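Participant:
Residue numbers (our numbering), protein chains in the order written: chain A, -5 to 278; chain B, 142 to 582.
1) Listed in chain order, which residues of the stretch 145 to 177 of chain A have Cβ atoms closer than 7 Å to some Cβ of chain B?
2) Go ahead and label residue 549(B) buried or exposed: buried means 16 or more other beta carbons lie within 10 angstroms of its beta carbon, across all protein chains shown.
3) Give me the residue from 518(B), 483(B), 511(B), 530(B) with the minimum Cα distance to residue 496(B).
4) Can you tell me whether residue 30(A) is helix, strand or coil according to DSSP?
5) Which residues in the same chain have their Cβ closer than 7 Å to the Cβ of residue 106(A), if we skip the five residues on either side of it in sequence?
6) Residue 260(B): buried (16+ other C-beta within 10 angstroms of its C-beta) or exposed?
7) Less than 8 Å between the C-beta atoms of residue 333(B) and residue 573(B), yes or no?
8) Which term fits residue 546(B), buried or exposed, when burial requires 16 or more other beta carbons within 10 angstroms of its beta carbon?
9) Is it true that the stretch 338 to 352 of chain B meets the stretch 212 to 231 of chain B, where meeting means three or more beta-carbon pairs spaced less than 8 Å apart?
10) Compute the beta-carbon to beta-carbon distance between residue 60(A) and residue 92(A), rounded to the nearest angstrom, for a pair I have assumed lies under 8 Å.
11) What separation, rounded to the nearest whole angstrom, lies between the Cα atoms of residue 273(A) and residue 568(B)?
12) When you compare each of 257(A), 99(A), 132(A), 244(A) to residue 170(A) by their alpha carbons, which one comes out closest?
13) Ordered along the chain, which non-local residues of its own chain (more than five positions away) have a Cβ less than 8 Å from that of residue 526(B)?
14) Can you tell me which of the three DSSP states residue 146(A) falls into?
15) For residue 64(A) and chain B, any beta-carbon pair shorter than 8 Å?
16) Going along chain B in order, which residues have a C-beta closer than 7 Å to the C-beta of residue 116(A)?
17) Kindly indicate which residue of 46(A), 99(A), 158(A) has the alpha-carbon position closest to the one of residue 23(A).
18) How should residue 379(B) be labelled, buried or exposed, when 16 other C-beta atoms within 10 angstroms of its C-beta is the threshold for buried?
19) Going by DSSP, what residue range makes up the beta strand (DSSP E) through residue 562(B)?
20) At a Cβ threshold of 8 Å, is residue 559(B) touching chain A?
21) Could you check how far apart the C-beta atoms of residue 499(B) and residue 474(B) are, in whole angstroms? I think they sit under 8 Å.
22) If you draw a straight line from the alpha carbon of residue -1(A) to that of residue 235(B), how long is it in whole angstroms?
23) What's the C-alpha gap between residue 182(A) and residue 168(A)?
24) Can you check whether the CB of residue 148(A) is closer than 8 Å to the CB of residue 193(A)?
25) To which residues does DSSP link residue 253(B) through a beta bridge?
26) Short of 6 Å in beta carbon distance, which residues of its chain neighbour residue 219(B), apart from the five on each side in sequence? Order them along the chain.
27) Name the DSSP beta bridge partners of residue 525(B), please?
28) Can you find a CB in chain A that lies within less than 8 Å of the CB of residue 383(B)?
29) Could you list the residues in the stretch 126 to 144 of chain A with a C-beta less than 9 Å from some C-beta on chain B, going in chain order?
30) Please list, in chain order, the chain A residues whose beta carbon lies closer than 7 Å to that of residue 231(B).
31) If you check the beta carbons only, do residue 438(B) and residue 421(B) fall under 8 Å apart?
32) Please classify residue 158(B) as buried or exposed, where buried requires at least 16 other C-beta atoms within 10 Å of its C-beta.
33) Nearest to residue 198(A) by CA position, among 222(A), 187(A), 180(A), is which residue?
34) With DSSP as the reference, please indicate the residues paired to residue 298(B) in a beta bridge.
35) Using the beta-carbon count (16 or more within 10 Å), is residue 262(A) buried or exposed?
36) For residue 227(A), which of 30(A), 166(A), 144(A), 188(A) has the nearest alpha-carbon?
The structure is reproduced here in structure tokens:
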């Protein structure tokens, strides 16, 4: 009986520590966190607002995203509020299938563009099976994340649902502008120069953090685009020693003096902001 | 029996081609056996006869040529059933396909991960057909052959032809899949794959880095090898049960029942069933207080299994490990128990520690051989991790079962499970990162 009491006390102490940890963690700290997850040659962006609304944009080319999510989310949290697929290519979509299976996902935002791939079919099948609400992305949409975080969709112009996209499917990527206080973050999947032109022509886009398109390919991130958007810092998500040579030398030259952070050499990148200033940390 | 097993082993290692030589020996031995009156001669000749029987039995069960041989090297399209549980490997899935025209000539097919196939489905696979080849230190051909796999089809394209309807085994498969999903939903990754590994024996989706960490810290046997861990499960469960039940026979029957359930949810694959039989033999021997008498029983069990599939003797590491683990539990564990008699025993933790360590010690040489590296840190890693394995299994089982009723319920039990497994994985990764953790050879 004495032993039993000892175990009981011990379990209660451990439980109490865990609960307090959870309580402290979920207290709002007034900061928004923007992570470029280290998923190798692919993209995965995780956003957490001060009130713990969580958004995942793309899921990388394999299962790595699951480990990354475990590292940035508290252990008891099994839900993600919004999931955005910029475009249905493997290096952005593959990891999302398992995320959809394992997490409780609130909403999904996709372009719905036609694309022939078995992974894409599975992606859509899971959404249907779990009855998750889907929104087709279109410029002009505004998503309120609560706690001052807002996502504005800048691209695509039209509803692409069920459309065979003319040209490069990279140029159908959802462009999302995240705003928190005075700070603005732009992510746009694998958008090429054509889509970038469309975005800067549609109005003034002044940003602070640029998630560089297409892992730093030379067919993205034009000098004109950088001139118009004036990012304070830039992030590149690419795999170490990837076969595409991303990020490309020319892109790096164009980025010039803008401070650059790379997942291929620095691992996971964490940008924290209180709405006024940016703090960047990297894993390595 | 021993001679028969020896014969099988002989035939496994060397291809015995000189038929007439052996035939001659056999005739002489048979002749001596029939006419001699000297008991020594009788014994030796009987031994030779049984050894030869083993050699021939092994040969008799191996098909001489295959229908699919003509298609090797060509691009083919084959329809067949998914004959074993599909194995998920990051971006790919590995399917064992039993072709319709030749079900005994199974093909190991690697296809894209999605759509995921289920056990029993009929699939059409297309790709280039290959014969497996041995690696430098590993007899891959025979390793596959023990499961009737004689062909490979890497990079294939697989489509579903039709789903199997009903069936007990298929029901079992879906039950296990749900169970695994319940764990995945309640627990973060990679803790969830680790738990699936230790209680379902599935090593699907364990990240490559983690797998390597397991090997270099010397604890990979916990998840990697099919069957072996079930022996440990049986013992651990009976220990936990004996804490709650006073009656020894109740404990025995319940433990045997739990082992049977485990066999079922892991899919009752031959390797798991074999391990369970050996574990059960030990449990029963323990019940009768005749632990030290388990060796003949074990050899008899092995003999029966080898008759059914002679290839397991040399090429199934899981079979060998289960055998050794049971021996370790029967003969090494009492020694440790005596040494640690004065230590306090909390919740049978000491006993489970003793069982784990003795099973470990028994399989250690084999583990070293099969992974081609020697983990210096292994004793430390095992000591820190193993005592918590039964606890992790216990909570893992509850989480998986609770998930059938409510996701929230499962999550509550997942918290302690998270704590335990995170600790275990932390130890594994921490110890594996030392450069001196393992010596590769």
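Even for Gly, the Cβ is constructed at its ideal location relative to N, Cα and C.
Bear in mind the structure is a predicted one, so any value in this text is a computation, not a measurement.
Facilitator: The answer reads as follows:
1) Hits within the stretch: zero.
2) One-based indexing of the second chain puts residue 549(B) at position 408. Per the 10 Å Cβ criterion, exposed.
3) On the second chain, residue 496(B) is found 355 positions in, with the first residue counted as 1. In this structure, 530(B) is the residue among 518(B), 483(B), 511(B), 530(B) with its C-alpha nearest to the C-alpha of residue 496(B).
4) Counting from one through the first chain, the residue named residue 30(A) turns up at place 36. Residue 30(A): strand per DSSP, three-state reduction.
5) For the purposes of this step, residue 106(A) is taken as residue 112 along the first chain, with counting starting at 1. Correct list, in chain order: 130, 154, 155, 156.
6) Counting from one through the second chain, the residue named residue 260(B) turns up at place 119. Buried, because 16 or more other Cβ atoms sit within 10 Å of the Cβ of residue 260(B).
7) Position 192 of the second chain, counting from 1, holds the residue named residue 333(B). Position 432 of the second chain, counting from 1, holds the residue named residue 573(B). In this structure, residue 573(B) does not lie closer than 8 Å to residue 333(B) by Cβ.
8) Here residue 546(B) refers to the residue found at position 405 when the second chain is read from its first residue. Residue 546(B) comes out exposed.
9) At 8 Å Cβ cutoff, the stretches touch.
10) Taking the first chain and counting its residues from 1, one reaches residue 60(A) at position 66. Taking the first chain and counting its residues from 1, one reaches residue 92(A) at position 98. The beta carbons of residue 60(A) and residue 92(A) sit about 6 Å from each other, so the pair counts as a contact at 8 Å.
11) Here the question's residue 273(A) lines up with position 279 in the first chain. Here the question's residue 568(B) lines up with position 427 in the second chain. The alpha-carbon of residue 273(A) is positioned some 32 Å away from that of residue 568(B).
12) The residue labelled residue 170(A) in the question sits at position 176 within the first chain. Comparing Cα positions, the closest option is 132(A).
13) The residue given as residue 526(B) occupies position 385 in the second chain. Cβ neighbours of residue 526(B) within its own chain (closer than 8 Å, five residues either side excluded): 360, 363, 565, 568, 569.
14) As a first step, residue 146(A) must be located in the first chain, where it is residue number 152. Residue 146(A) falls in the strand class under three-state DSSP.
15) Locating residue 64(A) in the first chain gives position 70, counting from the first residue. Yes, because at least one Cβ of chain B sits closer than 8 Å to the Cβ of residue 64(A).
16) The count along the first chain starts at 1 and reaches residue 116(A) at position 122. Scanning chain B for C-beta atoms nearer than 7 Å to the C-beta of residue 116(A) yields 255, 256, reported in chain order.
17) For this step, residue 23(A) is matched to residue 29 along the first chain. Minimum Cα distance to residue 23(A) is reached at 46(A).
18) Taking the first residue of the second chain as 1, we reach residue 379(B) at position 238. Buried, because 16 or more other Cβ atoms sit within 10 Å of the Cβ of residue 379(B).
19) The sequence position of residue 562(B) within the second chain is 421, counting from 1. No beta strand (DSSP E) holds residue 562(B); the alpha helix (DSSP H) holding it covers 548 to 573.
20) As a working mapping, residue 559(B) is identified with position 418 in the second chain. Taking a beta-carbon distance threshold of 8 Å, residue 559(B) counts as an interface residue toward chain A.
21) Against the second chain, residue 499(B) aligns to sequence position 358. Against the second chain, residue 474(B) aligns to sequence position 333. Sure, about 4 Å apart at Cβ, within 8 Å.
22) Working through the first chain from its first residue, we reach residue -1(A) at position 5. Working through the second chain from its first residue, we reach residue 235(B) at position 94. C-alpha separation (whole angstroms): 49 Å.
23) Working through the first chain from its first residue, we reach residue 182(A) at position 188. Working through the first chain from its first residue, we reach residue 168(A) at position 174. It is roughly 6 Å from the alpha-carbon of residue 182(A) to the alpha-carbon of residue 168(A).
24) To locate residue 193(A), count along the first chain from 1; it is residue 199. To locate residue 148(A), count along the first chain from 1; it is residue 154. Against a cut-off of 8 Å, the Cβ pair of residue 148(A) and residue 193(A) comes out as a contact.
25) For the purposes of this step, residue 253(B) is taken as residue 112 along the second chain, with counting starting at 1. In the DSSP output, where bridge partners are listed per residue, residue 253(B) has 233(B).
26) In the second chain, the residue the question calls residue 219(B) occupies position 78. 240, 266.
27) Here residue 525(B) refers to the residue found at position 384 when the second chain is read from its first residue. None; residue 525(B) has no bridge partner.
28) Looking up residue 383(B) in the second chain gives position 242. It does not; no Cβ of chain A falls within 8 Å.
29) For the stretch 126 to 144 of chain A, there are no residues whose beta carbon sits under 9 Å from a beta carbon of chain B.
30) Here residue 231(B) corresponds to residue number 90 of the second chain, with the count starting at 1. The contacting residues are 56, 57.
31) Sequence index remark: in the second chain, residue 438(B) carries index 297 (1-based). Sequence index remark: in the second chain, residue 421(B) carries index 280 (1-based). Contact flag unset, no.
32) Counted from its first residue, the second chain places residue 158(B) at position 17. Note that residue 158(B) scores 48 on pLDDT, short of 50, meaning its location in the model is unreliable; the coordinates nonetheless yield the value given after this. So residue 158(B) counts as exposed.
33) Here residue 198(A) corresponds to residue number 204 of the first chain, with the count starting at 1. Taking only the C-alpha atoms, the option nearest residue 198(A) is 222(A).
34) Counted from its first residue, the second chain places residue 298(B) at position 157. Partner(s): 267(B).
35) Here residue 262(A) refers to the residue found at position 268 of the first chain. Residue 262(A) comes out buried.
36) In the first chain, residue 227(A) corresponds to position 233, counting from 1. It is 30(A).
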